[in-house]
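Engineer:
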Amino acid sequence: MAAVSAHPTSPPPPLAGPAAAPTPLDALAARLGRPPKSLAILSTLSDDEVVTLTGLVDAAAESERQRILAAEGSPRLVRPLFRLILQALRR
Amino acid sequence: MSVLATRAEIRKLARLLGVKPDRLSFLEREGAGPIRRVREAQVELLFRQEHRLFERLARWFGWLPSWTLAFFARLLGPVLVARVAGELKARHAVEVCARLPAPFLAEAAMNLDPRRARDLVRRLPTPLVVDAAKELARRGDRMTVGRFVDFVSDDALGQVVAILDDETLLGAAFYLESRTHLDHVIRLLPEERLGRILALAGDSPMHATSVLSILTEGSHSMRRRMGDLLAAEPEKVLLSLMRTAHEEGLWAEILPVMHSLSPQTMCEVVNLSILEEPAVLQSIGDAADAQDLWGIVLPMIEMMEESIRSAVAFSMTRHPREALARMVQSALIGEHWEPLLDVVARMPPVKQDEFVGIVEGLGAVDPDLRGRIAARAAAYGFGDRFVPRAVAA
Numbered sequence: 000m001a002a003v004s005a006h007p008t009s010p011p012p013p014l015a016g017p018a019a020a021p022t023p024l025d026a027l028a029a030r031l032g033r034p035p036k037s038l039a040i041l042s043t044l045s046d047d048e049v050v051t052l053t054g055l056v057d058a059a060a061e062s063e064r065q066r067i068l069a070a071e072g073s074p075r076l077v078r079p080l081f082r083l084i085l086q087a088l089r090r
Numbered sequence: 000m001s002v003l004a005t006r007a008e009i010r011k012l013a014r015l016l017g018v019k020p021d022r023l024s025f026l027e028r029e030g031a032g033p034i035r036r037v038r039e040a041q042v043e044l045l046f047r048q049e050h051r052l053f054e055r056l057a058r059w060f061g062w063l064p065s066w067t068l069a070f071f072a073r074l075l076g077p078v079l080v081a082r083v084a085g086e087l088k089a090r091h092a093v094e095v096c097a098r099l100p101a102p103f104l105a106e107a108a109m110n111l112d113p114r115r116a117r118d119l120v121r122r123l124p125t126p127l128v129v130d131a132a133k134e135l136a137r138r139g140d141r142m143t144v145g146r147f148v149d150f151v152s153d154d155a156l157g158q159v160v161a162i163l164d165d166e167t168l169l170g171a172a173f174y175l176e177s178r179t180h181l182d183h184v185i186r187l188l189p190e191e192r193l194g195r196i197l198a199l200a201g202d203s204p205m206h207a208t209s210v211l212s213i214l215t216e217g218s219h220s221m222r223r224r225m226g227d228l229l230a231a232e233p234e235k236v237l238l239s240l241m242r243t244a245h246e247e248g249l250w251a252e253i254l255p256v257m258h259s260l261s262p263q264t265m266c267e268v269v270n271l272s273i274l275e276e277p278a279v280l281q282s283i284g285d286a287a288d289a290q291d292l293w294g295i296v297l298p299m300i301e302m303m304e305e306s307i308r309s310a311v312a313f314s315m316t317r318h319p320r321e322a323l324a325r326m327v328q329s330a331l332i333g334e335h336w337e338p339l340l341d342v343v344a345r346m347p348p349v350k351q352d353e354f355v356g357i358v359e360g361l362g363a364v365d366p367d368l369r370g371r372i373a374a375r376a377a378a379y380g381f382g383d384r385f386v387p388r389a390v391a392a
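First to last, the sequence lines map onto chains A and B.
For the first sequence, position 39 (counting from the first letter as 1) is numbered 38 according to numbering that gives the first Met the number 0, and the numbering increases by one without interruption.
For the second sequence, position 143 (counting from the first letter as 1) is numbered 142 according to numbering that gives the first Met the number 0, and the numbering increases by one without interruption.
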């Protein structure tokens with residue numbers, strides 16, 4: 000039986016250059032917890048538009064967090080108590 | 000997906016992000032699919048954050064009997080309950096929901112992602128779903144009604160469709176999550192009621208936009224059925240639809256809808272007075288040329304009355320030679336020479352010469368075709384434009 004050659008037949012991988020800076024689309028994908036390629040569908044947007052969208056995504060996420068931690072929607076009387084409970088449960 | 004589906008997606012994303020839809024108008028060229036993906040990713044992001052907190056709350060609540068939990072739910076409020084509901088076992092959550100008032104459930108529905116609570120939504124007793132839907136309708140929240148249509152049981156859907164008022168149902172159809180579900184909802188409607196809902200298009204541009212959305216997203220057979228119902232309504236309904244289609248720049252979507260109509264209805268539509276307006280014809284021509292829809296438009300011309308054909312011909316003179324060449328190509332593929340010759344016969348001689356030049360180009364490959372068209376052109380009264388070239392050949 001012929002021995003398998005120890006020499007690789009394919010050329011060596013190219014030397015790694017400096018990592019490319021993340022694009023605004025990469026940043027948006029990271030915010031949304033998605034792989035960068037999954038948002039390639041938005042490639043017709045300009046960088047400014049992607050930055051605007053990312054800002055809105057961030058602001059909405061923060062606003063939702065505040066709504067939750069402020070126990071929004073619960074009766075005023077018990078709201079402080081719930082805030083304390085929610086804070087405790089977060090830890 | 001259509002421009003209107005894109006606009007519906009923009010409004011849903013805008014509500015999720017807490018901004019006015021105008022802020023997201025730059026997304027319009029992306030199409031509905033990519034915008035929906037962003038919305039779904041954003042929903043997941045919102046539900047992922049503080050996930051541990053809600054998981055713990057749900058674990059605690061899981062130990063409580065449903066009446067106690069319903070009491071706590073009222074204290075927690077609909078915003079938090081919507082989040083906890085997705086973490087509870089569906090059976091337990093349903094028992095709790097059964098003890099909560101309709102306004103509370105409606106408010107929770109506004110904050111709930113139906114995809115994450117699919118099992119819960121499907122198991123909800125029909126009377127509960129109906130009460131919540133009534134409450135949402137009372138608040139004018141058609142978007143939330145539309146978001147839930149795909150997820151409720153068939154029984155609940157049938158009853159919700161039966162009790163909702165026409166305006167809410169039409170508005171909700173605009174926001175349906177799955178457009179394939181649209182046909183199913185429409186089939187649930189008796190003919191008389193569907194006709195009444197479609198007739199709302201004559202009342203306001205907003206209703207007309209929703210009807211156009213249903214027409215563009217519906218299947219071929221559904222379009223035909225709805226078209227026939229629309230044709231039975233007073234002319235102002237069809238006129239309002241066409242006016243809205245023009246003002247919203249929707250011809251590229253509406254021309255294929257018109258192609259699906261029954262011959263009688265199509266004949267009525269293509270002879271509406273609005274089609275004599277130069278700006279309207281120019282927009283239709285631009286859309287047909289940009290989207291390669293001449294194959295759809297040419298058979299419509301055949302059904303038009305003399306005055307509208309002349310208006311079409313006049314409008315076509317403003318299009319460049321390349322557009323005429325594309326019309327010729329469509330006539331060749333679909334054998335639509337008669338309406339095209341009819342229109343060209345009404346054009347000034349310079350445009351007729353352009354047409355002849357294009358046909359001569361075809362004649363180099365297919366002399367029989369050239370001869371046939373030249374003979375028909377003679378029947379339309381401009382065959383002499385061919386003669387010198389025929390002699391030269």
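Ideal Cβ placement from N, Cα and C applies to all residues, glycine included.
1) Note down, in chain order, every chain B residue with its Cβ under 9 Å from the Cβ of residue 74 of chain A.
2) Do residue 48 of chain B and residue 64 of chain A have their C-beta atoms closer together than 8 Å?
3) Give the residues from the segment 36-57 of chain B that approach chain A closer than 8 Å (Cβ to any Cβ), ordered along the chain.
4) If the cut is a Cβ gap below 9 Å, which residues of chain B does residue 59 of chain A touch?
5) At a CB-CB cut-off below 7 Å, which residues of chain B make contact with residue 43 of chain A?
6) Given that residue 77 of chain A touches chain B, what residues does it touch there, using C-beta distances under 8 Å?
7) Buried or exposed, going by whether 16 or more other CB atoms sit within 10 Å of the CB of residue 9 of chain B?
8) Cβ of residue 33 of chain B less than 8 Å from any chain A Cβ?
9) Tell me which residues share the same chain as residue 119 of chain B and place their Cβ nearer than 7 Å to its Cβ, disregarding the 5 neighbours each side in the sequence.
10) Is residue 334 of chain B helix, strand or coil by DSSP?
11) Counting C-beta neighbours from all protein chains within 10 Å, is the total for residue 86 of chain A 16 or more, i.e. buried, or is it exposed?
12) I'd like the list of long-range same chain contacts for residue 5 of chain A, defined as Cβ closer than 8 Å, with 5 residues on each side in sequence excluded.
13) Who are the neighbours of residue 82 of chain A on chain B, taking C-beta pairs under 9 Å?
14) If we require 4 or more residues per run, which alpha helix (DSSP H) segments fall completely within the segment 284-372 of chain B?
15) Is the CB of residue 7 of chain A under 8 Å away from at least one CB in chain B?
16) Considering only C-alpha positions, which residue in the set B:26, B:112, B:145, B:155 is nearest to residue 127 of chain B?
17) Is the distance from the Cβ of residue 175 of chain B to the Cβ of residue 148 of chain B below 8 Å?
18) In this structure, how does DSSP classify residue 18 of chain B when only helix, strand and coil are distinguished?
19) Does residue 24 of chain A get closer than 8 Å to chain B when you measure Cβ to Cβ?
20) Counting contacts by CB-CB distance shorter than 8 Å, is residue 79 of chain B in contact with chain A?
21) Residues in the same chain with beta-carbon distance under 8 Å from residue 129 of chain B, minus the five sequence neighbours each way, listed in chain order, please.
22) At a Cβ threshold of 8 Å, is residue 60 of chain B touching chain A?
23) Are the C-beta atoms of residue 29 of chain A and some chain B residue less than 8 Å apart?
24) Exposed or buried, residue 253 of chain B, counting other C-beta atoms within 10 Å across all chains shown (16 or more means buried)?
25) I'd like to know whether the C-beta of residue 56 of chain A is nearer than 8 Å to at least one C-beta of chain B.
26) Can you check whether the CB of residue 131 of chain B is closer than 8 Å to the CB of residue 87 of chain B?
27) Threshold first: 4 residues or longer. Then list the alpha helix (DSSP H) segments lying entirely within the segment 27-77 of chain B, N to C.
28) Tell me whether residue 20 of chain A sits in a helix, a strand or coil according to DSSP, three-state version.
29) Are the beta-carbon atoms belonging to residue 12 of chain B and residue 32 of chain A less than 8 Å from one another?
30) I want to see whether chain B comes within less than 8 Å of residue 70 of chain A, judged by CB atoms only; does it?
31) Report the rounded CA-to-CA distance for residue 228 of chain B versus residue 198 of chain B, giving the unit in angstroms.
32) Can you check the segment 82-114 of chain B for any alpha helix (DSSP H) of at least 4 residues that lies completely inside it and give the ranges in chain order?
33) Please classify residue 355 of chain B: is it buried, with 16 or more other beta-carbons within 10 angstroms of its beta-carbon, or exposed?
34) Quick one: does residue 25 of chain B have its CB under 8 Å from some CB of chain A?
35) To the nearest angstrom, how far is it from the Cα of residue 240 of chain B to the Cα of residue 170 of chain B?
Structural biologist: Once the coordinates are examined:
1) 73, 74, 76
2) yes
3) 36, 37, 40, 41, 43, 44, 45, 47, 48, 49, 51, 52, 55, 56
4) 15, 16, 17, 18, 41, 44, 45
5) 28, 29
6) The contacting residues are 74.
7) buried
8) Closer than 8 Å: yes.
9) For residue 119 of chain B, where only same-chain residues beyond five positions count, the Cβ hits under 7 Å are 84, 89, 92, 93.
10) coil
11) So residue 86 of chain A ends up on the exposed side.
12) Any reading at residue 5 of chain A needs caution, since the residue's pLDDT is 45, under 50, leaving its predicted position unreliable; the model's value is listed next. Result list for residue 5 of chain A: empty, nothing under 8 Å.
13) In chain order: nothing, as chain B lies at least about 11 Å away.
14) 293-302, 305-315, 320-333, 336-344, 348-362
15) Low confidence applies here, because residue 7 of chain A scores a pLDDT of 48, under 50, leaving its location unreliable and the question unanswered by this model.
16) B:155
17) yes
18) coil
19) no
20) yes
21) The residues 155, 158, 159, 162, in chain order, have a CB closer than 8 Å to that of residue 129 of chain B in the same chain once the five nearest residues on each side in sequence are set aside.
22) no
23) no
24) By the neighbour-count rule (16 or more Cβ atoms within 10 Å), residue 253 of chain B is buried.
25) yes
26) no
27) 31-47, 50-61, 65-75
28) coil
29) Taking the C-beta atoms as reference points, residue 32 of chain A is found no nearer than 8 Å to residue 12 of chain B.
30) yes
31) 9 Å
32) 89-96, 101-110
33) buried
34) yes
35) So the two alpha carbons sit approximately 15 Å from each other.
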